[in-house]
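Engineer:
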Amino acid sequence: MKARFLVAAAFAAGLSIAGAARAGDGFDVIALGALGGIEDGNLSAWLVHPHDDNRSVTFDAGTLVNGLRVAEEKGDLDSIKLAPESKVSRVGHVLTDLIKAYLVSHAHLDHVAGLVIASPDDSKKPIYALPSVAQALSESYFNWQAWPNFTDRGKAPQLKKYSLTELTPGVAVAVPDTKMTVTAFPLSHGGVESTAFLVESDGDAILYFGDTGPDPVEKTTKMHDVWTAVADRVRQRKLKAILIESSYTSDRPDAQLFGHLTPKWIMASLHELDALAGGNNVLKDLPVVITHIKYALTREQPQAKMREELTAANDLGVRILIPQQGSRWQFH
């Protein structure tokens, strides 16, 4: 098994023996919501924490409770032990005690629905977002019309369960009560500002792209700017995984991408990262998780075709992963 990537079949340790794992052992990731688009209950959300510490954040929050239920049914939460006197379920414990913050890339419903719906029973914590995203969350959802205002801004009364914490692009911020920092980078999503998040812990890093179109189609340099920022980490083998969206297969016309990627555009963009990081097989074995694949109302779902397209174009040697809800990995 390659050192950079391990699919963990089972986890025998939880918080009780976190100290037994050495620092810098990468990240654990669970797909709470693997898809984009219309399959309610399985929308963009990724639980992330250092391998030696169960205190977590999520990349987006389109599905939370249902994603945690699926993960529990698959045994992916078995390592999390509840105290005998606990009155909450394991799902409730993860939601209210272990998830310390939400990292929201943009305010489209398939990236925030789980957060909004879970908010009445959730615990107090920050939502990290770019200023435009924080404003959209406040104005569109937590406004006492779509939903009660559980945040600390906007229409009164402010219930102040969630603190909307604005990130400055390119500036790392420590996530309280975790071992992680987060750095935000703006993305262009068909006229909407989205976000890439770089999370780091003990010298390791993991990179998540919210929805984004390719630079040539969006007529920006946003993805190039992200790759430039992480190129040194790639060169030094500190970047442990990339989570990046592909909403459609490559036969989708550029004029109908609506701010999304395809396998063709993913591989073209990864070649740009490869060049910035110095080439020479620098991306070999790097896990690339394909997120936000849109559920189709056809007899055939796009995952198999996407895998074929990505595999055929993969002359960089990256490890292409097509997730299902509840998939769990250790990236190190």
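If you want the numbering used here, it's the position in the sequence shown, counting the first as 1, plus 3.
Think of the CB as a built atom: it goes at the ideal place given N, C-alpha and C, for glycine as much as any other residue.
Since this is a predicted model, take the numbers as computed values, not measurements.
(1) In the DSSP assignment, what residue or residues form a beta bridge with I296?
(2) The beta strand (DSSP E) spanning R322 covers which residue range?
(3) Could you tell me whether the Cβ atoms of L264 and P219 are closer together than 8 Å?
(4) Specify the secondary structure class of T314 as computed by DSSP and reduced to three states.
(5) Rounded to a whole number of angstroms, what is the C-alpha to C-alpha distance between D79 and R331?
(6) Taking L276 and K225 to be in contact with their CB atoms under 8 Å, please state how far apart those CB atoms are, rounded to whole angstroms.
(7) Tell me whether S166 sits in a helix, a strand or coil according to DSSP, three-state version.
(8) Cα-Cα, which of V321, P290, V115 and V73 is closest to A149?
(9) Could you pull out every residue in the same chain whose Cβ sits closer than 8 Å to the Cβ of A316, ignoring the five residues on either side in sequence?
(10) In this structure, how does DSSP classify A24 when only helix, strand and coil are distinguished?
(11) Quick one: grab the DSSP three-state call for A121.
(12) Taking C-alpha atoms, which residue in D124, P290 and N152 lies nearest to V91?
(13) For T215, tell me which candidate among V174, D228 and D207 has the shortest Cα-Cα distance.
(14) Return the chain-ordered ranges of every alpha helix (DSSP H) run that is complete within the stretch 164-227 and spans a minimum of 4 residues.
(15) Alpha carbon to alpha carbon, how far is D180 from A258?
(16) Tell me which residue opens and which closes the alpha helix (DSSP H) that R93 is part of.
(17) On the three-state DSSP scale, how would you describe E248?
(18) How many Å lie between I325 and T154 at the Cα?
(19) I'd like to know whether the C-beta atoms of F334 and G44 end up nearer to each other than 8 Å.
(20) Relative to the C-alpha of D318, which residue among E203, N283 and E303 is closest?
(21) Would E248 be called buried (16 or more neighbouring beta carbons within 10 Å of its own) or exposed?
(22) Pull up the CB-CB distance for K241 and V178, whole angstroms please, since I reckon it's below 8 Å.
(23) Identify the continuous beta strand (DSSP E) that holds W332 and give its terminal residues.
(24) Is the beta carbon of P290 sitting closer than 8 Å to the one on A299?
(25) DSSP has V51 in a bridge; who is on the other side?
(26) In the DSSP assignment, find the beta strand (DSSP E) that holds I102 and state where it starts and stops.
(27) Going by the DSSP bridge assignment, what does T154 pair with across the sheet?
(28) Any idea what DSSP makes of I269, helix, strand or coil?
(29) Where P172 and T184 are concerned, what is the direct C-alpha to C-alpha distance, given to the nearest angstrom?
(30) Tell me the rounded alpha-carbon separation between H52 and R58.
Structural biologist: Judging by the given coordinates:
(1) For this step, residue 296 is matched to residue 293 along the sequence shown. Note: I296 sits in a beta bridge opposite L38.
(2) Taking the first residue of the sequence shown as 1, we reach residue 322 at position 319. R322 -> beta strand (DSSP E) spans R322 to L324.
(3) Here the question's residue 264 lines up with position 261 in the sequence shown. Here the question's residue 219 lines up with position 216 in the sequence shown. For L264 and P219, no; Cβs fall outside 8 Å.
(4) One-based indexing of the sequence shown puts residue 314 at position 311. Three-state DSSP puts T314 in a helix.
(5) Mapped onto the sequence shown, residue 79 falls at position 76. Mapped onto the sequence shown, residue 331 falls at position 328. Approximately 7 Å between the Cα atoms of the pair.
(6) The residue labelled residue 276 in the question sits at position 273 within the sequence shown. The residue labelled residue 225 in the question sits at position 222 within the sequence shown. Contact doesn't hold; Cβ gap of about 14 Å is too wide.
(7) Taking the sequence shown and counting its residues from 1, the one referred to as residue 166 is at position 163. Strand, per DSSP.
(8) The residue given as residue 149 occupies position 146 in the sequence shown. For the residues V321, P290, V115 and V73, the minimum Cα distance to A149 belongs to V115.
(9) Taking the first residue of the sequence shown as position 1, residue 316 is located at position 313. These residues qualify, in order along the chain: P266, K267 and M270.
(10) Against the sequence shown, residue 24 aligns to sequence position 21. Only weak support is given to the placement of A24: the predicted model assigns it a pLDDT of 39, under 50, and the value that follows is read from those uncertain coordinates. In this structure, A24 counts as coil in the three-state DSSP scheme.
(11) Here residue 121 refers to the residue found at position 118 of the sequence shown. It is helical.
(12) Position 88 of the sequence shown, counting from 1, holds the residue named residue 91. If we check each option's Cα against that of V91, D124 comes out closest.
(13) For the purposes of this step, residue 215 is taken as the residue at position 212 of the sequence shown. The option with the nearest alpha carbon to T215 is D228.
(14) 218-221
(15) Start at 1 with the first residue of the sequence shown, and residue 180 comes out as number 177. Start at 1 with the first residue of the sequence shown, and residue 258 comes out as number 255. D180 and A258: Cα-Cα distance of roughly 44 Å.
(16) As a working mapping, residue 93 is identified with position 90 in the sequence shown. R93 to H96 is the extent of the alpha helix (DSSP H) around R93.
(17) Here residue 248 refers to the residue found at position 245 of the sequence shown. Three-state DSSP puts E248 in a strand.
(18) Residue 325 sits at position 322 when you count from the first residue of the sequence shown. Residue 154 sits at position 151 when you count from the first residue of the sequence shown. Cα to Cα, the separation comes out at about 34 Å.
(19) Stepping through the sequence shown from its first residue, residue 334 is reached at position 331. Stepping through the sequence shown from its first residue, residue 44 is reached at position 41. No; because the gap between Cβ atoms is not below 8 Å, this pair is not in contact.
(20) Numbered from 1 along the sequence shown, position 315 holds the residue referred to as residue 318. Of the candidates E203, N283 and E303, the one whose C-alpha sits nearest the C-alpha of D318 is N283.
(21) Within the sequence shown, the letter at position 245 stands for residue 248. That one is buried.
(22) Counting from one through the sequence shown, the residue named residue 241 turns up at place 238. Counting from one through the sequence shown, the residue named residue 178 turns up at place 175. The pair is not a contact, with the Cβ atoms about 18 Å apart (cut-off 8 Å).
(23) Numbered from 1 along the sequence shown, position 329 holds the residue referred to as residue 332. Segment R331 to F334, the beta strand (DSSP E) holding W332.
(24) Stepping through the sequence shown from its first residue, residue 290 is reached at position 287. Stepping through the sequence shown from its first residue, residue 299 is reached at position 296. Going by C-beta atoms, P290 is not nearer than 8 Å to A299.
(25) In the sequence shown, the residue the question calls residue 51 occupies position 48. The partner list for V51 (beta bridge, DSSP) reads V32 and V60.
(26) Reading the sequence shown from its first residue, position 99 is the one you call residue 102. Where I102 is concerned, the enclosing beta strand (DSSP E) stretches over I102 to L106.
(27) Here residue 154 is taken as the residue at index 151 of the sequence shown, counted from 1. Per DSSP, Y165.
(28) The residue given as residue 269 occupies position 266 in the sequence shown. Of the three classes helix, strand and coil, the one that applies to I269 here is helix, per DSSP.
(29) By one-based count along the sequence shown, residue 172 stands at place 169. By one-based count along the sequence shown, residue 184 stands at place 181. Computed Cα separation, rounded: 13 Å.
(30) For the purposes of this step, residue 52 is identified with residue 49 of the sequence shown, where counting begins at 1. For the purposes of this step, residue 58 is identified with residue 55 of the sequence shown, where counting begins at 1. Spanning the two alpha carbons is a distance of roughly 6 Å.
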